[in-house]
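Worksheet: one structure, shown below.
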Amino acid sequence: MTTPAPPAPIEVSGHAIMACLAAMRIVQDKAVRLMAGHGITPIDREAWYPLSSVLASLQSILVQIGPNTMKGVGRHLPDHVPFPSPIGSIEAAMRAIDIAYRASHRGPGDIGGYHYTSQGSREGRMVCDNPYPCQMDEGVIEAMAERFRPKDSFFVHIVHEQRQCRERGGTSCTYVVRW
């Protein structure tokens, strides 16, 4: 998988790492060992960890545990990471992902993000140019869209556009969100 190279001094909050682990209940021990293998040990909620180590850990988890687990991590992050409030609509929820993402990282440099634009009354486009796995991004987007979908909407449909994807050397991934 090709992802944008993170600036060296960027760090990830221990809260975000604990959120990832909470999402991997069944395989949590293995995930902790994989993270330790990349220098993320001990895991402390109040500490900050190098983004490069976090990304290497997530890549190991993706390869050794699987893409469904990585998507599950993304789906559970909104349950464990603070998001701004109040969030009153699906579109506000999509925009809040970037705010929560930036709050979980510190240091100088561009870390990419989650860039949402409305495409009409029931559709939007999320461009993810962050260095995290596609499956994780898709899980976060799906969870937030489902949580905040309008009451008159029966479903949320997320499509990962394939024309440009970080897994195939692109600089970003684009997701179409419909409800």
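Using my numbering, read the sequence shown as starting at 172 and increasing by one per residue. All C-beta atoms in this analysis are idealised placements derived from N, C-alpha and C, irrespective of residue type, glycine included.
For this session: Report the three-state DSSP secondary structure of Y272 (helix, strand or coil).
Result: helix
Problem set entry | Reduced DSSP category for I258 - H, G, I as helix; E, B as strand; rest coil | coil
Problem set entry | Residue span of the beta strand (DSSP E) that contains G295, given as start and end | E294 to C299
Exercise. Who are the near neighbours of H286 in its chain, counting only those whose CB is closer than 6 Å to its CB and skipping five residues on each side?
Worked result: V298
For this session: Decide if R337 is buried, meaning its Cβ has at least 16 other Cβ atoms within 10 Å, or exposed.
Result: buried
Exercise. Is the number of C-beta pairs between the segment 205 to 216 and the segment 245 to 260 that are closer than 8 Å three or more?
Worked result: no
Problem set entry | H331, enclosing beta strand (DSSP E) - first and last residue | H328 to E332
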